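**Q** In terms of my numbering, the sequence shown opens at residue 9 and continues consecutively.
Even for Gly, the Cβ is constructed at its ideal location relative to N, Cα and C.
Treat the numbers as computed from the prediction; the structure is a model and nothing was measured.
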Amino acid sequence: MKPKSPTATDLLEIHGHRGILRSSENRGTHSVFVQLVAAVSFLLIINIPADAAAVPAVFIFGDSLVDTGNNNYIVSVAKSDFPPYGRDFPGGTATGRFGNGRILPDFIGIKNRYKLYILKSN
């Protein structure tokens, strides 16, 4: 008879690691805890008063999902301030981004009615 292959749990027990996912009892407790934290967080979020202080701006430091670049004010051969870049923006205006349309922070700003910040100097 072929011996049973060790599972990830068996390997954790062999090496002496004790994690939350070690036993089935902990998995149930962990699941209930996560659901409880999620429910409380949701209730706190929906109970924010409508007249809460407004956020004037959002600064997002991120990766390629939220940063399509802009080098309008840098001396460079690579530019994107001409068509077809920006063709999905209102008026088809090229913004200098190396992307075709809006990204998630743009939609967040639109939803929350933030003023559009575009440096108009230079």
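1. Since S88 contacts F106 with CB under 8 Å, what's their CB separation in whole angstroms?
2. Out of curiosity, what's the CA-to-CA distance linking F49 and Y81?
3. Roughly how many angstroms separate the alpha carbons of G109 and P64, rounded to a whole number?
4. Are the Cβ atoms of G117 and T103 separated by less than 8 Å?
5. Of all Cβ atoms in chain C, is any one closer than 8 Å to the Cβ of R105?
6. What are the boundary residues of the alpha helix (DSSP H) that includes D114?
7. Report the rounded CA-to-CA distance for F115 versus R121, giving the unit in angstroms.
8. Please go through the same chain and pick out, in chain order, the residues whose beta-carbon is closer than 6 Å to the beta-carbon of V42, but skip the five residues on each side of it.
**A** Reading it off the structure:
1. 5 Å
2. The sequence shown places Ser at residue 49, not Phe. Cα to Cα, the separation comes out at about 42 Å.
3. 24 Å
4. no
5. Looking for chain C here will not work: only one protein chain is present.
6. L112 to K119
7. 10 Å
8. none
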